[in-house]
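Written out below as structure tokens is the structure these notes cover.
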Amino acid sequence: MRILVTGGAGYVGSHAVAWLTRRGHEVWAYDNLSRGHRAAVAADQLVIGDVLDMPKLLASFRELRIEAVMNFAALAPMGESVARPLAYYRTNISGVVSLLDAMVQAGVRRLVHSSTAALFGDPAVERIGEHLTRSPGISYRQSQSMAERIVQDAAAAYGLAVIALRYFNAAGACPSGDRGEDHRPETHLIPVALDVAMGKRPLMKIFGGDYPTADGSCVRDYVHVDDLAAAHALALAKTTETSAAGRFDAFDLGSGRGHSNLEVVESCRRVTGAAIPVRVVERRFGDPPRLVADPERARTELGWQPRYGELDSIVGTAWNWHRGRPNGFAE
Ligand code: UFG
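219 is the number of the first residue of the sequence shown in the working numbering; add one for each residue after it.
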């Protein structure tokens with residue numbers, strides 16, 4: 219299939235581009251490079267453009283004869299969304315409206331949309347299933363929640379086949395070491411811990427030690443970025459089924475296992491052999507204590523089976539990337 223991947227030069231998007239390309243699809247990354255990296259995709263697979271630029275999207279769909287879209291174009295860190303809500307609403311909501319407008323005009327009928335476990339806020343249950351009511355709270359959460367609502371309504375109104383994939387904590391890197399996580403600034407737990415292991419930061423701050431969890435630190439469900447890419451390919455195949463037109467579906471993508479922040483640091487110590495000193499500090503605003511997926515539906519209905527079962531194996535691929543490319547894509 220000919221696929222346009224918006225946000226395709228970003229962390230998860232670039233892994234999806236590589237994954238789909240290896241499986242014989244014709245794939246282009248569409249990215250404004252505000253957060254994505256030119257070097258994360260092959261030069262002849264990159265279209266530089268903004269999701270807010272509807273005419274450019276439309277022209278790209280027509281020129282490249284696009285048959286399906288994967289949408290990864292969104293602003294992500296939750297903390298930043300509190301300080302810059304308008305940027306988040308613009309990119310994450312207006313961006314998806316512009317994308318759908320262009321899809322409808324160009325007759326592109328299949329969309330796999332990146333959504334997030336953050337929709338759930340603080341669900342206070344062991345494992346999150348798709349049946350739970352979404353609980354918007356801060357700008358990132360609200361904008362992603364609204365974006366999902368928009369793609370759902372568009373599916374019904376315009377006969378599109380749409381699947382939203384709500385993923386939990388994306389982690390790891392492609393095993394070749396060619397691409398991995400490179401956010402600026404980096405705020406995510408595993409890459410920050412690996413920076414400490416490499417001596418780029420003096421110590422690891424753990425945000426909150428008084429959560430109602432076994433060791434007092436937050437619990438998250440880590441899923442390898444290539445397993446996410448694989449799920450996108452499976453979701454794409456599902457959008458080609460005859461019954462898919464006009465349908466919206468959402469799947470949770472996680473391992474179903476939670477790891478506390480302190481356990482993650484311990485895994486980083488095992489993998490790197492470095493001490494990784496830790497200081498437990500104040501809670502970070504907006505962090506729910508526990509987010510763990512129930513991946514059952516993704517397993518049964520998409521046939522998704524994550525290949526990276528153990529946290530250490532996920533961290534191992536991240537370490538391979540960080541050690542091999544200490545300056546990320548900047549080299
Ligand atoms: N954390 C620390 N110290 C750090 C960095 C993070 O203690 O230096 C903690 C956070 O407070 C949190 C946990 O590590 O408890 C995970 O934080 P991340 O920033 O790595 O990831 P989040 O869980 O906040 O968010 C990520 C994505 C979101 C997505 C969410 C879904 O960034 O886009 O996972 O769970 F919505």
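Note that beta-carbon positions come from the ideal geometry of N, C-alpha and C, so glycine has one too.
A quick note: this is a predicted structure, and the numbers were derived from the prediction, not measured.
Residue 233 and residue 547 have their C-alpha atoms roughly 14 Å apart.
Boundaries of the alpha helix (DSSP H) around residue 538: 529-542. DSSP, read as helix, strand or coil, puts residue 522 in coil. If you ignore the 5 residues before and after residue 430, its C-beta comes within less than 8 Å of the C-beta of 507, all in its own chain and listed in chain order.
Cβ contact annotation for residue 256 (same chain, cutoff 8 Å, sequence separation greater than five): 227, 264, 547, in chain order. Assignment of beta-bridge partners to residue 497 by DSSP yields 423. When 358, 387, 319 are compared, the shortest CA-CA separation from residue 509 is found for 387. In this structure, the CA atom of residue 490 is about 21 Å from the CA atom of residue 476. Burial is judged here by how many other beta carbons sit within 10 angstroms of a residue's own beta carbon; residue 369 has at least 16 and is buried.
Cβ neighbours of residue 306 within its own chain (closer than 7 Å, five residues either side excluded): 293, 299, 357, 358, 361. For residue 235, the uninterrupted alpha helix (DSSP H) run begins and ends at 229-240, by DSSP. Between residue 444 and residue 511 the beta-carbon gap is near 17 Å, outside 8 Å, which marks them as no contact. At a Cβ-Cβ threshold of 8 Å, residue 486 and residue 533 count as neighbours. About 6 Å separates the CB atoms of residue 452 and residue 522; that is less than 8 Å, so the two are in contact. In this structure, DSSP gives residue 369 a helical state, which the three-state scheme calls helix. When the beta-carbon positions are compared, residue 251 and residue 332 stay at least 8 Å from each other. Taking 7 Å as the cut-off, one finds no heavy atom of ligand 1 near enough to the beta carbon of residue 432.
Residue 410 has its CB nearer than 7 Å to a heavy atom of ligand 1.
When beta bridges are read from the DSSP output, residue 224 appears opposite 248, 289. For the pair residue 282 and residue 529, the Cα-to-Cα distance works out to about 39 Å.
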